[in-house]
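Peer 1: Sharing a structure below in structure tokens format, with a few things to ask.
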Amino acid sequence: MSRGGVAEALTVDHCPSRQDEMERIQRLGGYVDCCRGVWRIQGSLAVSRGIGDSQLKRWVIAEPETKILTIEPECEFLILASDGLWEKVSNQEAVELLRPFCIGVDSQQPLSACKKLVDLAVTRGSSDDISAMVIQLGQFVQ
């Protein structure tokens, strides 16, 4: 989330290398190992929560991590994106790239903003799938 132009992470990545996620997977009979520097579930998937991946459904859960917060005037926009983006673009870089599209003169261009973000990750060599969504928060401030 952009709070006055400063990136604020609202979640922590769900990856098999996280101790709590690794223990959860192992408790369910799965295994986690490191393949060429990347921790994977059953030697396959590098994220431990997601939608889909039916062959790994027993260990990869769709339960999201949630947080409740009050949207204040300095809360500008929220970026929802897949690991294919976040592996190549930092939170602050994403905020700085998107802010001109979400605040001020060009503020009605969230689709263009998302495309710029995805293009940056691709340019930096992301070979994973990349999804990105921007939610402008000003409309929700009371």
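Just so we're on the same page, the numbering used here is the position in the sequence shown counted from 1, plus 106.
We put the CB at the ideal spot given by N, CA and C, even for glycine.
None of the values given here were measured: they were computed from a predicted structure.
Could you say if the segment 137-152 and the segment 171-183 meet the contact criterion of at least three C-beta pairs nearer than 8 Å?
Peer 2: no
Peer 1: Near Arg164, what residues of its chain come up, given a Cβ to Cβ distance below 8 Å and the 5 sequence neighbours on each side ignored?
Peer 2: Leu134, Gly135 and Gly136
Peer 1: Can you check the segment 109-163 for any alpha helix (DSSP H) of at least 4 residues that lies completely inside it and give the ranges in chain order?
Peer 2: 125-133
Peer 1: Which of the three DSSP states, helix, strand or coil, is assigned to Gln248?
Peer 2: coil
Peer 1: Suppose contacts are defined by Cβ-Cβ distances below 8 Å. Is Phe183 in contact with Ser237 by that definition?
Peer 2: no
Peer 1: Helix, strand or coil for Glu182, going by three-state DSSP, please let me know.
Peer 2: strand
Peer 1: In the DSSP output, what is Val240 paired with across the bridge?
Peer 2: Bridge partners of Val240: Ile185.
Peer 1: Locate the alpha helix (DSSP H) running through Leu282, then write down its first and last residues.
Peer 2: Outside the displayed span of the chain (107 to 248) sits residue 282, for which this structure offers no information.
Peer 1: Under 8 Å, do Cys208 and Ala219 count as touching if we go by C-beta distance?
Peer 2: Their beta carbons are under 8 Å apart, which means Cys208 touches Ala219 by this criterion.
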